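If you read the sequence shown in the working numbering, its first letter stands for residue 310, the second for the next number, and so on.
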Amino acid sequence: MPVAAQAIYSTPYTFTTVAGKVASVSAGGPTRAAKFLDFRGLAVDAAGNVYMANFYNQTICRMTPAGDVTILAGRPGCIGSADGKGSDARFYYPQAVALDAAGNIYVADSWNSTIRRVTPSGVVTTFAGLAGREGSTDGTGSAARFNYPKSVAVDSAGNIYVADLYNATIRKVTPAGTVTTLAGQTGIYGDADGKGSDAQFNAPVSLAVDSADNIYVADMFNNAIRKVTATGMVTTLAGQRTYKTGSVDGTGRSAQFSHPCGVAVDNLDNVYVADTDNHTIRRIAPDESVTTLAGLAGQAGSTDGTGNTARFGSPMSVAMDPAGNLYVADQSNGAIRKGVPANLGSGTVFTLARR
């Protein structure tokens with residue numbers, strides 16, 4: 310049970326549920342409800358479309374601002390590593406997605422240990438790594454090796470960053486597909502800050518990039534959010550870099566998290582955190598102050614409401630759209646939640662889709 314402390318709801322979110330026409334992700338035709346199964350990663354484009362890695366369904370889905378959900382690539386329930394268009398492509402438990410400036414979607418195809426690329430029209434290719442060949446080798450394209458890539462993020466120059474979970478490293482992939490290790494020691498789990506291989510991570514599971522191309526890492530078993538510069542310098546932004554869990558709001562290392570699994574950054578460089586085992590959504594301001602935006606530590610549920618009256622069920626991922634709306638993959642509830650902070654307008658957060 311997480312250790313709770315007083316939470317500061319500086320910008321509370323109100324949760325309501327809206328109905329919408331949803332396309333079935335299991336059969337491809339209209340239905341009243343989407344069978345989402347398990348979303349692990351989200352990304353939002355400039356038009357407000359939400360892209361989702363559907364882990365157990367082996368698909369990449371797209372949801373319009375109106376709530377219409379379609380499968381962009383993959384076939385529900387069909388495992389593999391095939392490149393191709395739409396339903397001809399195959400994934401093996403995809404975990405996360407990220408978008409580049411051209412609208413291409415990069416996928417952490419975890420059990421294939423590859424990074425895949427999906428065009429806006431749904432054409433899938435393998436961008437880096439080789440399916441079924443785990444490792445830590447730097448190289449270009451299929452010569453590179455990953456070991457259960459868990460998350461991806463894209464910077465302003467189109468470089469792709471990968472949270473390489475079982476290698477405990479952060480990898481960089483150029484637009485040409487050349488892979489290098491930016492930070493961490495391959496196979497060495499720890500909590501050290503430092504540059505490049507002097508740094509250590511303990512289950513890096515989610516990445517986000519800010520306006521200066523700094524990378525933020527949800528370092529799950531260190532219960533911390535780490536910051537990595539473009540040159541590979543790693544520092545601890547917030548959290549205590551320890552196995553000890555908690556839900557304390559505070560500044561920098563005085564704050565506590567409980568197995569955070571998702572990070573996102575807005576255009577003011579605030580960092581949003583899916584604090585998974587606390588069942589809360591947290592925010593880290595540029596001054597490193599941590600506040601709780603929604604949910605109540607240790608209280609799982611699916612209740613819509615404001616601030617600490619809202620309930621989440623192990624929120625796994627967060628994503629920010631250009632308008633400042635926050636999307637949450639609410640894993641245990643099988644829901645995608647949308648939030649608008651009170652100071653941006655109506656203060657209404659919607660559950661857009663549920664399994």
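Just so it is clear, CB atoms sit at the ideal spot from N, CA and C, and this is done for glycine as well. Keep in mind that this is a model prediction, so the values were computed, not measured.
The shortest CA-to-CA distance from Q565 to any of K553, S520 and G610 is the one to K553. Residue environment for P484: exposed (fewer than 16 other C-beta atoms within 10 angstroms of its C-beta). No Cβ-Cβ contact shorter than 8 Å links F400 with V378.
A Cβ-Cβ distance of about 5 Å is found for the pair P624 and D639, placing them in contact under the 8 Å criterion.
T478 is a Cβ neighbour of G493, given a cutoff of 8 Å. G561 sits in a helix when the DSSP states are folded into three classes.
For G357, the three-state secondary structure derived from DSSP is coil.
Between the alpha carbons of G412 and D630 lies a distance of about 14 Å. Residue environment: Y365 is assigned as exposed (fewer than 16 neighbouring CB atoms within 10 Å of its CB, all protein chains considered). Rounded to the nearest angstrom, the gap between the Cα atoms of R562 and T423 is 34 Å.
Beta-bridge partners assigned by DSSP to R480: V471 and T490. Taking C-beta atoms under 8 Å as the contact rule, V637 and G648 qualify, at a distance of about 7 Å. Across the set A382, I380, P385 and V359, the C-alpha of V359 shows the shortest separation from the C-alpha of T373. Separation of the CB atoms of P595 and N579 is rounded to 7 Å, and the pair is thereby assigned contact status at 8 Å. Taking a contact as a CB-CB distance under 8 Å, the pair G604 and R620 counts as one, their CB atoms being some 6 Å apart.
Taking 3 residues as the minimum length, the beta strand (DSSP E) runs contained wholly in the region 515–561 are 524–528, 533–537 and 542–548, in order along the chain. Within the same chain, F364, S419 and W420 come within 6 Å of Y402 by CB-CB distance, once the 5 residues on both sides are set aside. Here N363 is bridged, per DSSP, to F348 and T368. Contact annotation: Q367 and C387 have beta-carbon atoms nearer than 8 Å. Counting only runs of at least 3 residues, the region 603–653 fully encloses the following beta strand (DSSP E) elements, listed from N- to C-terminal order: 624–629, 635–639 and 644–648. With a beta-carbon spacing of about 11 Å, I369 and L351 fall beyond the 8 Å limit used to define contacts.
Minimum Cα-Cα distance from N642 among the listed residues N456, S465, S567 and S611 corresponds to S611.
Closest in alpha carbon position to G559, among A539, V543, G541 and A533, is A533.
Residue pairing of D584 in beta bridges, as defined by DSSP: T589. When DSSP states are grouped into helix, strand and coil, S460 belongs to the strand group. For Y415, the enclosing beta strand (DSSP E) stretches over residues I414 to D418.
Contact between V574 and A517 holds: their C-beta atoms lie close to 5 Å from each other, under 8 Å. When the beta-carbon positions are compared, V582 and A527 come within less than 8 Å of each other.
Within the DSSP bridge table, the entry for L408 names I414 as partners. DSSP places S396 in the helix class (H, G or I) of the three-state scheme.
Apart from the 5 residues on each side of it in sequence, S390 sits with its Cβ closer than 8 Å to the Cβ of R399, F400, Y401, D418, N421, T423, T435, A440 and G441 in its chain, given in chain order. Between the alpha carbons of T489 and G444 lies a gap of roughly 13 Å. For the 8 Å CB-CB criterion, M529 and V543 do not form a contact. In this structure, F348 places its C-beta atom within 8 Å of the C-beta atom of I645.
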